[in-house]
Structures are given as structure tokens and as C-alpha cells.
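To start, the structure under review is shown below, and the notes come after it.
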């Protein structure tokens, strides 16, 4: 039986070390914000950063073994680098839901805030499971047929991810455009730069989307560099300013059903013509 070669190239030790240091520093910086600001909803993002760091540690180990690579580090780097972006995406979805709560913008959104989290995170979980399953099968495969099946499963997972990313960008754009022309009272009064955070969502989601379309796990420019840029952007524009939005949102809904109906009628505007 022919021997299956784990890598079709020689992993670069300097590149793997640089990626590990980069993701280690970014993840540590995010963890400091996470603990200091108590942004617990950002937990998947922190886990994704840990996965990226650990994945490149596996790449370092393999790069010192060329050409006699062992399977354990290969499986570690293959799986962790494959699924980490799905965890980044889950946090990005939650940020939009919190922006909608912050601005009291359910009437401007295609989906209410609570449904955005449910729908897109479920899609993200499906993509995560498909990619993890395909990656695990690929890591331990030793026949062309099994490799082909594993690649198809991974491609299916990436396809699910791309569809939900595209839908998320559309939902974000519709909400953003409606809020530009018909902002809610709370959106006008809040000091939180929700408009800027929406642009950050476009950028980070677009980067993850591009990675899903063009991903080749051994090309650092399409995987490591892009994911590092996602972490850097969300470190500079950290969503910690959205901390406590759920609590404030619930408090703002008080006053009984009649008050809520009166306020909703005052806030209701015709936004059907604003869709892009």
C-alpha cells in the first residue's frame, strides 16, 4: 500500500513561529479585554484565538520533523486551524444582535435581535461540525477515496459558512441602511459608535468570508494572515463598549404593554422602500 504524505510541501519553521507568536499576543490582548471588561459573549472569539495559536504550535512541531512528520501534530494543526474561523464568526454574529438591542432597532432589522443570534449561530455550528468532521477524516485518511470524501465534507462545510456569511452581510446592510435614514430615538441618543462598529462587522465578516472561499490551509496569506487581521481589527475596535446591552435593553422595555405599544407606534416608520 502506498504511503500517504501528510504535507505536499515542507512546513516553514520561521513562518510557523511568527504565526504562533502573532496569535499568542493577539489572543492574550483579547483575553485581557475579555476579563477586564467582562465581555462574556465574546467567549467563542477567545477560544478561536486559542485554537489558532495551538494550531500553529502543531505546525512548528511538524516543521522540525520534515520529512518524517508524525500524525498527532498534523491532526492538531489541521483541525484547529480549520474550525477556528467558525468561532470568530459566532462572535461576529452576536455583535450585530447587541447593536440592534443597543439601538432598539428590531423594527429596522429583517430579523429581530434574538433571532439573528439563533439563526446564524446554528448555521455556524453546522459549518463547524462539517469542517471538523471532514478535517478529522482527512487527518487520519490513508486512501485516495477517503481523502476525496473528506475534502467534499470540508467543502460542504465551507459552502454552508459562505451562504450564512452572505446572508449575514445582507441582513447587516439592510439594518444599516434603514437606520441611516430612519434612526430610532435610542440610536440618536447613545454615545456608543454603533455605526462604526457596523463597518467593523463588514470588514471582519468579509475577511472571514474571503478566507472561506479561498482557503488553502498551508498558505499563510489566505489563512493565518487573514485571521490575524480579523483579531487585530476587533482588538482595536473592541466590542466591550456593547457590554451590558442586554440588561439595558430589558430595562428599557419596562412600563407595561400599553407603554410599549405606544412607543412602538411612535417609532414605527415606513422602511419598506429602504432595503440596501
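In the working numbering, the protein residues as written are -16 to 259.
Glycine is no exception: its CB is placed at the ideal position from the N, C-alpha and C atoms.
Under 7 angstroms Cβ to Cβ from residue 43, same chain only, skipping five residues before and after it: list those, please.
Cβ within range, chain order: -4, -1, 0 and 3.
Taking just the CA atoms, how far does residue 97 sit from residue 200?
Reliability of the predicted coordinates at residue 200 is poor, the pLDDT of 46 falling under 50, and the value obtained from them is presented with this limitation in mind. For residue 200 and residue 97, the distance between alpha carbons rounds to 34 angstroms.
Just verifying my parser: in three-state terms, what is the DSSP assignment at residue 11?
Residue 11: helix per DSSP, three-state reduction.
Using a Cβ-Cβ cut-off of 7 angstroms (strictly less than) and excluding sequence neighbours within five positions of residue 104, which residues of its own chain qualify?
If we look at residue 104 and ignore the five residues flanking it on each side, its Cβ neighbours are 73 and 76.
Is the stretch 57 to 64 in contact with the stretch 23 to 43, if contact means three or more CB pairs nearer than 8 angstroms?
The stretch 57 to 64, when compared against the stretch 23 to 43, does touch it at the 8 angstroms Cβ threshold.
Would the beta-carbon of residue 302 fall within 7 angstroms of that of residue 187?
The displayed coordinates of the chain run from -16 to 259. Any statement about residue 302 would go beyond what the structure contains.
Roughly how many angstroms separate the alpha carbons of residue 120 and residue 193, rounded to a whole number?
Answer to the nearest angstrom: the Cα atoms are 24 angstroms apart.
According to DSSP, simplified to helix, strand and coil, what is residue 68?
Three-state result, residue 68: helix.
Which of the three DSSP states is assigned to residue 325 in this structure?
The requested residue 325 is not part of the displayed model; the chain covers only -16 to 259.
Could you compute how far the alpha carbon of residue 116 sits from the alpha carbon of residue 168?
Approximately 46 angstroms, taken between the alpha carbons.
Rounded to a whole number of angstroms, what is the C-alpha to C-alpha distance between residue 148 and residue 185?
The straight-line gap from Cα to Cα measures roughly 10 angstroms.
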